[in-house]
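Undergrad: Chains as they are written, first to last, in UniProt numbering: chain A, 1 to 240; chain B, 1 to 313; chain C, 1 to 104.
#1: Which residues, taken in chain order from the segment 22-47 of chain C, show a beta carbon closer than 7 angstroms to some beta carbon of chain B?
#2: Can you find a CB in chain A that lies within less than 8 angstroms of the CB of residue 153/B?
#3: In three-state DSSP terms, what is residue 97/B?
#4: Can you pull out the residues from the segment 52-73 of chain B whose beta carbon lies closer than 7 angstroms to at least one beta carbon of chain A?
#5: What are the start and end residues of each continuous alpha helix (DSSP H) run of 4 or more residues lying completely inside the segment 77-101 of chain C, in chain order?
#6: Restricting to runs no shorter than 3 residues, where is the beta strand (DSSP E) found entirely within the segment 225-273 of chain B?
#7: Kindly indicate which three-state DSSP category residue 298/B falls into: helix, strand or coil?
#8: To which residues of the same chain is residue 261/B closer than 6 angstroms at the C-beta, ignoring the five residues directly before and after it?
#9: For the beta strand (DSSP E) that residue 78/B lies in, which residues bound it at each end?
#10: Just to confirm before moving on: does the CB-CB distance between residue 172/A and residue 84/B stay below 8 angstroms?
#11: State the Cα-Cα distance for the pair residue 44/C and residue 75/C, rounded to the nearest angstrom.
#12: Go ahead and label residue 50/B buried or exposed: buried means 16 or more other beta carbons lie within 10 angstroms of its beta carbon, across all protein chains shown.
#13: Against residue 80/C, what residues of chain B qualify as contacts under a CB-to-CB distance less than 7 angstroms, listed in chain order?
#14: State the start and end residues of the unbroken alpha helix (DSSP H) segment that holds residue 178/A.
#15: Just the Cα atoms here: how many angstroms apart are residue 64/A and residue 68/B?
#16: Using Cβ-Cβ distances below 8 angstroms, what residues of the segment 108-121 of chain A are close to chain B?
#17: Tell me which residue opens and which closes the alpha helix (DSSP H) that residue 57/C is part of.
#18: Taking the alpha-carbon positions, what's the residue 281/B to residue 138/A distance?
#19: Taking a Cβ distance cut-off of 8 angstroms, strictly less, list which residues of the segment 240-264 of chain B are near chain A, in chain order.
#20: Quick check on the burial criterion: 16 or more other C-beta atoms within 10 angstroms. Buried or exposed for residue 4/A?
#21: Is it the case that the segment 81-98 of chain B contacts the segment 205-218 of chain B, given that we only count it when at least three CB pairs across the two stretches are under 8 angstroms?
#22: In terms of residue numbering, what span does the beta strand (DSSP E) encompassing residue 15/A cover?
#23: Is the beta carbon of residue 20/B sitting closer than 8 angstroms to the one on residue 231/B?
#24: Mind pulling the chain C residues with CB within less than 8 angstroms of residue 46/B?
#25: By alpha-carbon positions, which one of 47/C, 35/C, 32/C ends up nearest to residue 59/C?
#26: Quick one: what does DSSP say residue 32/C is sitting in, helix, strand or coil?
#27: Whose Cβ in chain B lies nearer than 7 angstroms to the Cβ of residue 93/C?
#28: Kindly say whether residue 89/C, judged by its beta-carbon, lies nearer than 8 angstroms to any beta-carbon of chain B.
#29: When you compare the CB positions of residue 56/C and residue 4/C, do they come within less than 8 angstroms of one another, or not?
#30: Using alpha carbons as the reference points, say which of 99/B, 47/B, 298/B, 214/B lies closest to residue 138/B.
#31: Which residues bound the alpha helix (DSSP H) around residue 195/B?
#32: Please determine if the segment 43-61 of chain A and the segment 232-243 of chain B are in contact, where contact requires at least 3 C-beta pairs separated by less than 8 angstroms.
#33: Compare the C-alpha of residue 38/C against each of 52/C, 98/C, 77/C and name the closest.
#34: Which residues, in chain order, does the segment 82-102 of chain A contribute to contact with chain B at a C-beta distance below 9 angstroms?
#35: If we call anything under 8 angstroms between Cβ atoms a contact, is residue 176/B one with residue 152/B?
#36: Using a cut-off of 7 angstroms between C-beta atoms, extract the partners of residue 72/A located in chain B.
Structure representation (structure tokens):
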């Protein structure tokens, strides 16, 4: 789906969301009562220090508002921008700051919903979609930690061999189904149904804690993470 | 085992407080960072919690999956600790490795117990990339939740694998960071930038360029870290103790201050092309001398000219 | 991965009282060795996981030599190999036995 179609389906009562430099900002009206703050990264933009800081600034402004409206983060990005300047300026700090800003909005009472409708990868994925309180996706979304050709270079295995191995496990290969199986994504929406109804359904549920390890276990994509984390936690608590 | 072809490497010398942090193993660092005899490990090597994914790639596994987690004391003060082993798969974060750190941070929040993380990581472990990426996201969430509960999360950066990829984002969520000259902090590593953008963008073999762009001195000068220490286990211990004196606070005011700090950085240095230009603009008189300066000379100049990050991280 | 097991008879029981010791790291040309107690005093069991296939003869020789020379009786030893040379393997095994003799 294109961003314009998504926004129309999300906000039948209208929206004022604009795009500039690969970033989205504005508000949408879900119904007569509910206004949703919208931020986003679109058009496979690779966020560097400038984009991450712009997004974080908008999100912190939203977090500071007294009436906590839901915050929807639309994501169709590349990986983090790979450049000498971005690293010189401290891209790690800036992306971490973006993730912290999203968390601050959530803590201030805003539901933060990531909607992954295109690509996202590596550090950009961590600081945007994965830093939301809940992440939903549309079919056709293509999250990847690293693409298979790059993985082939590092592992010194051919792409064909990697594809063969990827058929046996969701744990390393790119793609929505694999990320869903490992627990990254709460649910995959149906583009044939109004997205507004599906967003309302998410907002009608109470916000939960971080459920991703349990989903990874239930869906078979991460069979050890939940138990290992729980056991370390209990051992530390017991140690005192 | 492989065929004998060359002489045996020398046995590692027993560690001492003056020993190089960079050269030391994760366990060696911990043994000298913490008060003697204070360390208890959780899910240690005897438990054999190995990666379930590396066998698919015919890769050897390590009993602790490349991270040691546990409890100990620093100058009598109880802390939780995690140490990454940069020599095992470049300290890369996989499912088990990541879950051990997540669990530790969850406990820290409930116990209101400060955490010290000894970073030494290239980021996500490719052979279990999706699990590693999610683990990093979970660690970040657990870190900020712990900080919001008043827990300090201190990061130590001086390992041989550096602190790259998702590891650098975790570091960016810590309440205070300690770095040595050898420490490197960056999202994309030099090789990754060169592979994707060409040698004109970044020549990864130019080690001086690597240090000027992502090394400890540059990070300290621009306020990307809080403390700069010598490359010894004793200096990192002193640095960790000083970092634990800094506030854990993470709220709207801290993040607004960080926003302003990072915007000021871009406004002040955003058009520079090299670390030396940044340092010149900071007012360092002989910026090209910075890489060769010894610790005392560097700290004298840096502490006068650097951008600070107090209460804005 | 190739998994090998050697059950060796020894004459010298392991010294010290430490329950467990770990030496080395799994890296290229290196290995980690985990030593635990629990075997009969005249026996030493060594389990090896190695990504380098076809070196069983070398492992046989190195472990047999180790069992003959060292105070390894009663030890259960587990090795994660990163493709170490035999001299490195022998060195780590010797370090491990010495560590077991030290107080915790």
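Cβ coordinates follow ideal geometry from the N, Cα and C atoms, glycine included.
No experiment lies behind these values; they were computed from the predicted model shown.
TA: Short version:
#1: 22, 25, 26, 27, 32, 34, 36
#2: no
#3: helix
#4: 52, 53, 56, 57, 69, 71
#5: 86-101
#6: 227-229
#7: helix
#8: 312
#9: 77-84
#10: no
#11: 5 angstroms
#12: buried
#13: 60, 61, 62, 63
#14: 176-181
#15: 39 angstroms
#16: 108
#17: 56-69
#18: 47 angstroms
#19: 250, 251, 252, 255, 256, 258, 259, 262, 263
#20: exposed
#21: no
#22: 15-20
#23: yes
#24: 20, 34, 36
#25: 47/C
#26: strand
#27: Neighbours of residue 93/C on chain B: none; closest Cβ ~12 angstroms, over 7 angstroms.
#28: yes
#29: yes
#30: 99/B
#31: 190-197
#32: no
#33: 77/C
#34: 82, 83, 84, 85, 86, 87, 88, 89, 90, 91, 92, 93, 94, 95, 96, 97, 99, 100, 101
#35: yes
#36: Near residue 72/A there are no residues of chain B at all, since even the closest Cβ is about 19 angstroms away, more than 7 angstroms.
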